[in-house]
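Chemist: Below are the structure tokens for one structure; questions will follow.
In the numbering used here, the protein residues as written are 3 to 316.
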């Protein structure tokens with residue numbers, strides 16, 4: 003049996019790799035898709051756009067592309083590149099989905115829109131998107147400082163919007179995926195967990211910092227001229243969070259990601275880093291996350307005690 007996300011995206015496991023600028027490249031995306039999930043290619047960088055085609059040398063399975071709508075407005079030719087690369091699924095974010103959903107549907111693409119609020123979810127549904135990624139404020143990267151957590155936002159949207167939902171924010175394994183399913187999701191999206199995979203092409207210093215983080219290991223930074231961001235509380239970010247008067251916010255993000263210089267920029271990372279303690283192959287992450295959900299639910303049921311849920315209710 004398949005649920006709506008599996009059927010919509012034509013994947014074995016409804017586990018999606020998050021779109022991470024500079025990082026969501028061909029090798030990682032292919033590894034996720036080969037594992038039965040849905041890999042993702044970012045399209046903000048020239049390297050990412052080139053990988054829309056290069057990923058086909060690595061896998062024949064479905065691979066999605068991410069489109070940040072604000073960037074797309076400046077360069078609508080990206081749609082032609084997606085068509086040429088035979089992309090079937092597009093995850094849109096950071097803008098009004100009504101601007102481009104019809105255009106993507108016209109060329110035969112599935113549209114999944116990322117939202118961080120009930121208002122955004124209802125607006126996306128009105129725009130005609132096929133599914134939603136509902137992301138709580140505990141996720142890494144750009145976030146609304148007023149956003150709700152996944153625990154609150156996911157059931158709120160599921161109760162009000164009749165679309166298949168992929169949950170994001172705070173998910174790294176079968177236990178957290180099981181919670182998402184109970185709250186109304188039919189799939190999950192993971193970024194930080196995929197960063198701590200063998201195939202993620204980031205420097206070992208970044209991966210080590212993720213695995214070393216504890217429950218206060220991330221911080222929301224509200225930096226003038228930038229959106230609010232959830233980042234690892236380390237290196238430059240730790241100094242910014244401590245209001246160091248001598249700190250200068252540097253923008254050398256690629257030096258952090260690929261050279262391991264944690265003082266070069268700030269590292270977009272979710273709170274779930276505190277639960278990640280090892281590196282795994284991406285395919286293993288995908289399979290274990292979904293296939294072990296039933297075990298996680300059984301363990302949860304056992305904690306109800308001797309009586310099952312129906313006898314308790316009665």
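C-beta atoms are modelled at their ideal positions from N, C-alpha and C, and glycine is treated no differently. Note that the coordinates shown come from a computational prediction; the quantities given were computed from them, not determined experimentally.
Roughly how many whole angstroms lie between the Cα atoms of residue 151 and residue 136?
Modeler: Their Cα atoms are separated by approximately 10 Å.
Chemist: Would you call residue 72 buried or exposed, if buried means 16 or more other Cβ atoms sit within 10 Å of its Cβ?
Modeler: Its Cβ having fewer than 16 others within 10 Å, residue 72 is exposed.
Chemist: Assign residue 242 to buried or exposed, taking buried as 16 or more other Cβ atoms, counted over all protein chains shown, within 10 Å of its Cβ.
Modeler: The residue in question, residue 242, is buried, as its Cβ has 16 or more Cβ neighbours within 10 Å.
Chemist: When DSSP builds the beta bridges, which residues end up paired with residue 5?
Modeler: Answer is none; residue 5 lacks a bridge partner.
Chemist: For the ligand FMN, any of its heavy atoms closer than 6 Å to the Cβ of residue 284?
Modeler: In terms of ligand content, the structure shown is empty, and the ligand FMN therefore cannot be addressed.
Chemist: So the alpha helix (DSSP H) residue 19 belongs to, where does it begin and stop?
Modeler: From DSSP, residue 19 is part of no alpha helix (DSSP H) but of the beta strand (DSSP E) over 17-19.
Chemist: Rank 44, 264, 115, 177 by C-alpha distance to the C-alpha of residue 25 and give the top, closest one.
Modeler: That would be 44, whose Cα lies nearest to the Cα of residue 25.
Chemist: At the level of alpha carbons, what is the spacing between residue 131 and residue 118?
Modeler: Rounded to the nearest angstrom, the two C-alpha atoms are 15 Å apart.
Chemist: Please go through the same chain and pick out, in chain order, the residues whose beta-carbon is closer than 8 Å to the beta-carbon of residue 185, but skip the five residues on each side of it.
Modeler: So the qualifying residues of the chain are 152, 153, 156, 157, 160, 169.
Chemist: Distance check for residue 268 and residue 38, CA to CA, integer angstroms please.
Modeler: Distance between the alpha carbons of residue 38 and residue 268 is about 32 Å.
Chemist: State buried or exposed for residue 314, treating a residue as buried only when at least 16 other CB atoms are found within 10 Å of its CB.
Modeler: Only weak support is given to the placement of residue 314: the predicted model assigns it a pLDDT of 48, under 50, and the question is left unresolved by the model.
Chemist: Which same chain residues, not among the five before or five after residue 80, have their C-beta less than 7 Å away from its C-beta?
Modeler: Around residue 80: 45, 69, 74.
Chemist: Apart from the five residues just before and just after residue 105, which ones in its own chain have a Cβ nearer than 7 Å to its Cβ?
Modeler: Only 81 meet the Cβ criterion.
Chemist: Mind reading off the beta-carbon distance from residue 290 to residue 176? Whole number of angstroms is fine, and I expect it under 8 Å.
Modeler: Contact flag correct, Cβ pair sits at about 6 Å.
Chemist: Let me check understanding here. Comparing Cα to Cα, which of 28, 49, 66 lies closest to residue 12?
Modeler: Closest option to residue 12, Cα to Cα, is 66.
Chemist: Spell out a yes or no on whether the region 50-64 and the region 26-34 are touching, meaning 3 or more CB-CB pairs, one atom from each, closer than 8 Å.
Modeler: Verdict: yes, contact present.
Chemist: Where residue 16 and residue 271 are concerned, what is the direct C-alpha to C-alpha distance, given to the nearest angstrom?
Modeler: Roughly 22 Å between the two C-alpha positions.
Chemist: Determine the contact status of residue 238 and residue 231, defining contact as a CB-CB distance below 7 Å.
Modeler: Their beta carbons are not under 7 Å apart, which means residue 238 does not touch residue 231 by this criterion.
Chemist: Let me know the secondary structure DSSP gives residue 200 once reduced to three states.
Modeler: Three-state result, residue 200: coil.
Chemist: If you count every other CB in all the chains shown that lies within 10 Å of the CB of residue 166, and 16 or more means buried, which is it?
Modeler: By the 10 Å Cβ count, residue 166 comes out buried.
Chemist: If you follow the alpha helix (DSSP H) that residue 51 is part of, which residue opens it and which one closes it?
Modeler: Looking at the DSSP string, the run of the alpha helix (DSSP H) that includes residue 51 is 48-56.
Chemist: Can you tell me which of 162, 59, 28 puts its alpha carbon nearest to the alpha carbon of residue 48?
Modeler: It is 28 whose Cα lies nearest to the Cα of residue 48.
Chemist: Within the continuous beta strand (DSSP E) that includes residue 223, where are the two ends?
Modeler: It spans 220-223 - the beta strand (DSSP E) in which residue 223 sits, taken as one unbroken run.
Chemist: Is residue 207 helix, strand or coil by DSSP?
Modeler: Reduced to three states, the DSSP call for residue 207 is helix.
Chemist: According to DSSP, simplified to helix, strand and coil, what is residue 148?
Modeler: Residue 148 falls in the coil class under three-state DSSP.
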